[in-house]
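Take a look at the structure set out below.
In full-length UniProt numbering, the protein residues as written are 1 to 315.
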């Protein structure tokens, strides 16, 4: 059950701390990857040469890599005697040699204590955990992605829990009639309205793409079409499933995960993963990939008694 004694505010509007959510945020493959590094040339010098060195680095900008801009150019350290010295990233290893850099420094009147190769983080950190680990290797910039910050009120979680329980009942009943025991609902948290509920109908309709999610998306489209054809006010058109929440009993397959992405949903919540066929946490992380033109939040692990489905079934 969802906890309610969490805030001094009214129970309906109280926000639930993330640690008390009944599910966990599914991180993308980029957010869970281990530290990867790239070798760069580092120059170590006294602070009095800082202006000349930074000017030199600007002059060889064409030799820099845009992909390393998350690394702070300069860091300050203390040498063995406790004196302050500066270290600066000159360029990636393949762009120049230490001798070339040393010759340039000599021509500019820069005295460098040392020019050496150093492995810096190859990618920008996307989570607190990555930042704390990678920043200890070399200072990196980090800003939390605004879209990754979510809020649930007590009322919203209770509502979603109620929707999920209805889905479990619907999936169970559908399974008894020969269908795959899964179900999906599309919910508008802004208006507190369930826009569509659907079970899997592949067997009934003799169509392999009638997955529960695709059916639910289709119902939302039909509902919106009917509203547009019969409206008498000046209400705005809804763009696909933009900003809506999708609740499911099981992890969607790759086709359905992409269908949700194309529909522009805001978040997906489901109970059980499908380790062999799922398109979210199990295989491809389709919900949050940098190369795709939309991303949505995904949560899983809500401990509910959903119908058992074979692992090789595409939900």
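Ideal Cβ positions, reconstructed from N, Cα and C, are used throughout, including at glycine.
Query: Apart from the five residues just before and just after residue 300, which ones in its own chain have a Cβ nearer than 8 angstroms to its Cβ?; Result: 23, 24, 26, 251, 269, 270, 271, 272, 273, 280 and 281
Query: Among residues of its own chain, excluding the 5 on either side of residue 155, which ones have a beta-carbon nearer than 6 angstroms to its beta-carbon?; Result: 12
Query: State the Cα-Cα distance for the pair residue 66 and residue 226, rounded to the nearest angstrom.; Result: 49 angstroms
Query: In three-state DSSP terms, what is residue 216?; Result: helix
Query: What do you get for residue 200, buried or exposed, if any count of 16 or more other CB atoms within 10 angstroms of its CB means buried?; Result: buried
Query: Return the residue from the list 306, 150 and 290 that minimises the CA-CA distance to residue 15.; Result: 150
Query: Taking residue 164 and residue 302 to be in contact with their CB atoms under 8 angstroms, please state how far apart those CB atoms are, rounded to whole angstroms.; Result: 7 angstroms
Query: At what residues does the beta strand (DSSP E) containing residue 128 begin and finish?; Result: Taken as a continuous stretch (DSSP letters only), residue 128 belongs to no beta strand (DSSP E), being part of the alpha helix (DSSP H) at 128-135.
Query: Going by C-alpha to C-alpha distance, which of 266, 97 and 70 sits closest to residue 187?; Result: 266
Query: So, using beta-carbon positions, are residue 60 and residue 73 closer together than 8 angstroms?; Result: no
Query: Where residue 6 and residue 118 are concerned, what is the direct C-alpha to C-alpha distance, given to the nearest angstrom?; Result: Bear in mind that a pLDDT of 47 at residue 6, under 50, signals an unreliable position, so the number given afterwards is only what the model happens to contain. The straight-line gap from Cα to Cα measures roughly 48 angstroms.
Query: Can residue 44 and residue 96 be called in contact, C-beta distance under 8 angstroms?; Result: no
Query: Specify, as a first and last residue, the run of the alpha helix (DSSP H) that residue 306 falls within.; Result: Run containing residue 306: none; DSSP gives neither H nor E here.
Query: Which residue marks the beginning of the alpha helix (DSSP H) containing residue 96, and which one marks its end?; Result: Where residue 96 is concerned, there is no enclosing alpha helix (DSSP H), given that its DSSP letter is neither H nor E.
Query: Tell me whether residue 236, by its Cβ, gets closer than 7 angstroms to a heavy atom of the ligand GDP.; Result: Looking at this structure, you won't find the ligand GDP or any other ligand, since it has none at all.
Query: Could you tell me the boundaries of the beta strand (DSSP E) in which residue 38 lies?; Result: 37-45
Query: If you check the beta carbons only, do residue 171 and residue 277 fall under 8 angstroms apart?; Result: no
Query: Just curious, the alpha helix (DSSP H) that residue 256 is in, first and last residue?; Result: 254-262
Query: Check for me: the beta strand (DSSP E) holding residue 270 runs from which residue to which?; Result: 267-272
Query: Can you say whether residue 111 is buried or exposed, counting buried as having 16 or more other CB atoms within 10 angstroms of its CB?; Result: exposed
Query: State yes or no: is the C-beta of residue 320 within less than 8 angstroms of the C-beta of residue 212?; Result: Here the chain comprises residues numbered 1 to 315, so residue 320 is not present and cannot be evaluated.
Query: In its own chain, which residues sit with a C-beta less than 7 angstroms from the C-beta of residue 78, not counting the 5 before and 5 after it?; Result: 84
Query: Note down, one range per segment and in chain order, each alpha helix (DSSP H) of at least 4 residues found wholly within the segment 41-76.; Result: 50-59
Query: Whole angstroms are fine: how far does the CA of residue 148 sit from the CA of residue 298?; Result: 10 angstroms
Query: Which residue marks the beginning of the alpha helix (DSSP H) containing residue 29, and which one marks its end?; Result: 29-32
Query: What's the C-alpha gap between residue 260 and residue 162?; Result: 22 angstroms
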